[in-house]
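Residue numbers (the UniProt record's numbering): 1 to 399.
Just so it is clear, CB atoms sit at the ideal spot from N, CA and C, and this is done for glycine as well.
These numbers come from a predicted model, not from an experiment.
What follows is a short report on a single structure.
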């Protein structure tokens, strides 16, 4: 679908100034070089992989197509159309959440009998497993909350429609958050909290309330522990020692042992399950597709260069997001986008919120949104510069 979209875009814009504009937008950013290196690392990893055919599929689905989407996105979308894009993602999150709520109530439409059982029920919506839903929703939840608050802040004369919007927004957020909770993914909940804390710290109107917020959170946690005892963060174990924390620690240890032997190229795309097998010691734990950590996964899948470039892309994103001129021009949009990315990265400490079609597109959508805001600011700056330059030249000619 993305390839068809890109081909349609390329045909429509061929021979047009838009292509040159697109090239200029990307080259003006260091991101251009990072993307080239990122794709280069992924391409090399196709040849490193023990299964080149599967690797080629992943290369196309998680690297080529999302970046083609990025190119189209930054070309046809401007700041004023961004809200429509986020509305589309929000609508998808809402529909997925409605299915998840139905699953929670009835136990129907959950293919795994263990997850469908009332005592151990975990919702999946249209996905095969709970974590797929839990990975998709948190960054979108932060976008919904952030943009909702921004819209409410713009209201000067309150009327019935404004109050109706707040009620609708709270209901919307409540349903999506509830479905995330029903996945029983603790990583997702912690990631959402991290995104909200980031938003509270850097949203200037809420910064003064941050200490109060932290105090309330700590008091609430203390009371919860005092009344109910320490919460069990390990998750439901299906086998002895197979809880979520122990499983992840064992997985990370095995992955680290493998990466010490293959530090440059890792396992290659689609190679993790094959290459990790000799290092796999805990037979009661299956070998998963990825090591449930976004940084270890990038290192394993596209090598050390791929991991370093991924970190550079993230650093670039936050550097642009915290640019003073950008914040002044588009406040609070950069804060909302960075809070959403923070949610994704925190979740990435215990899972892999990139290596799925929807997740890779969502990641590059956040990157593209910052490019769009920065592009608009750069255009304004260039216009001002041209005006000053022309005024100076006219003055000189008159002299």
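Close beta carbons around residue i, own chain, < 6 angstroms, minus the five adjacent residues each side
{"i": "residue 357", "result": "61"}
{"i": "residue 93", "result": "137, 140, 176"}
{"i": "residue 346", "result": "191, 194"}
{"i": "residue 48", "result": "265, 268"}
{"i": "residue 167", "result": "none"}
Neighbourhood of residue i by C-beta, 8 angstroms cutoff - its chain only, sequence neighbours within 5 removed
{"i": "residue 309", "result": "34, 37, 38, 41"}
{"i": "residue 338", "result": "198, 202, 317, 318, 321, 322"}
{"i": "residue 355", "result": "58, 62, 289, 290, 297, 301"}
{"i": "residue 51", "result": "270, 271, 274"}
{"i": "residue 262", "result": "275"}
{"i": "residue 367", "result": "31, 70, 313, 317"}
Inter-residue Cα distance where the pair is residue i and residue j
{"i": "residue 179", "j": "residue 100", "result": "6 angstroms"}
{"i": "residue 188", "j": "residue 96", "result": "16 angstroms"}
{"i": "residue 44", "j": "residue 348", "result": "24 angstroms"}
{"i": "residue 264", "j": "residue 351", "result": "22 angstroms"}
{"i": "residue 103", "j": "residue 181", "result": "13 angstroms"}
{"i": "residue 69", "j": "residue 46", "result": "21 angstroms"}
{"i": "residue 252", "j": "residue 118", "result": "31 angstroms"}
{"i": "residue 304", "j": "residue 256", "result": "13 angstroms"}
{"i": "residue 183", "j": "residue 190", "result": "13 angstroms"}
{"i": "residue 174", "j": "residue 196", "result": "15 angstroms"}
{"i": "residue 58", "j": "residue 329", "result": "38 angstroms"}
{"i": "residue 150", "j": "residue 215", "result": "25 angstroms"}
{"i": "residue 311", "j": "residue 121", "result": "36 angstroms"}
{"i": "residue 250", "j": "residue 186", "result": "18 angstroms"}
{"i": "residue 129", "j": "residue 159", "result": "43 angstroms"}
{"i": "residue 254", "j": "residue 247", "result": "11 angstroms"}
{"i": "residue 400", "j": "residue 162", "result": "The chain is shown only over 1 to 399; residue 400 falls outside these bounds and no answer can be derived."}
{"i": "residue 370", "j": "residue 72", "result": "14 angstroms"}
{"i": "residue 268", "j": "residue 279", "result": "16 angstroms"}
{"i": "residue 281", "j": "residue 155", "result": "59 angstroms"}
{"i": "residue 259", "j": "residue 295", "result": "12 angstroms"}
{"i": "residue 286", "j": "residue 66", "result": "29 angstroms"}
{"i": "residue 109", "j": "residue 91", "result": "21 angstroms"}
{"i": "residue 83", "j": "residue 244", "result": "37 angstroms"}
{"i": "residue 165", "j": "residue 152", "result": "9 angstroms"}
{"i": "residue 340", "j": "residue 314", "result": "12 angstroms"}
{"i": "residue 425", "j": "residue 277", "result": "Nothing can be reported for residue 425, as the shown portion of the chain is limited to 1 through 399."}
{"i": "residue 157", "j": "residue 219", "result": "36 angstroms"}
{"i": "residue 112", "j": "residue 80", "result": "43 angstroms"}
{"i": "residue 56", "j": "residue 332", "result": "40 angstroms"}
{"i": "residue 54", "j": "residue 75", "result": "31 angstroms"}
{"i": "residue 134", "j": "residue 360", "result": "15 angstroms"}
{"i": "residue 132", "j": "residue 124", "result": "7 angstroms"}
{"i": "residue 324", "j": "residue 64", "result": "32 angstroms"}
Cβ-based neighbour list, residue i, same chain, cut-off 7 angstroms, excluding 5 preceding and 5 following
{"i": "residue 326", "result": "320, 334, 373, 374, 377"}
{"i": "residue 30", "result": "316"}
{"i": "residue 342", "result": "194, 195, 198"}
{"i": "residue 86", "result": "143, 147"}
{"i": "residue 77", "result": "85, 372"}
{"i": "residue 126", "result": "96, 99"}
{"i": "residue 106", "result": "none"}
{"i": "residue 172", "result": "94, 144"}
{"i": "residue 307", "result": "295, 298, 299"}
{"i": "residue 169", "result": "148"}
{"i": "residue 364", "result": "66, 67, 69, 70"}
{"i": "residue 292", "result": "248, 251, 350, 351, 352"}
For residue i, the three-state DSSP class (helix, strand or coil)
{"i": "residue 237", "result": "Only weak support is given to the placement of residue 237: the predicted model assigns it a pLDDT of 45, under 50, and the question is left unresolved by the model."}
{"i": "residue 198", "result": "helix"}
{"i": "residue 80", "result": "helix"}
{"i": "residue 121", "result": "coil"}
{"i": "residue 321", "result": "helix"}
{"i": "residue 49", "result": "coil"}
{"i": "residue 272", "result": "helix"}
{"i": "residue 283", "result": "coil"}
{"i": "residue 306", "result": "helix"}
{"i": "residue 204", "result": "helix"}
{"i": "residue 66", "result": "helix"}
{"i": "residue 57", "result": "helix"}
{"i": "residue 295", "result": "helix"}
{"i": "residue 192", "result": "helix"}
{"i": "residue 261", "result": "helix"}
{"i": "residue 290", "result": "coil"}
Any chain B beta carbon closer than 9 angstroms to residue i
{"i": "residue 31", "result": "Absent from the structure is chain B; it holds one protein chain and no more."}
Residue i CB to nearest heavy atom of the ligand FAD below 8 angstroms
{"i": "residue 193", "result": "The model on display carries no ligand, and the ligand FAD is accordingly not part of it."}
Original post:
Which runs of the beta strand (DSSP E) spanning at least 3 residues fall entirely within the region 162 to 190, listed in chain order?
Top reply: none
**OP:** At 3 residues or longer, and completely inside the region 82 to 160: list those beta strand (DSSP E) runs for me, N to C.
**Re:** none
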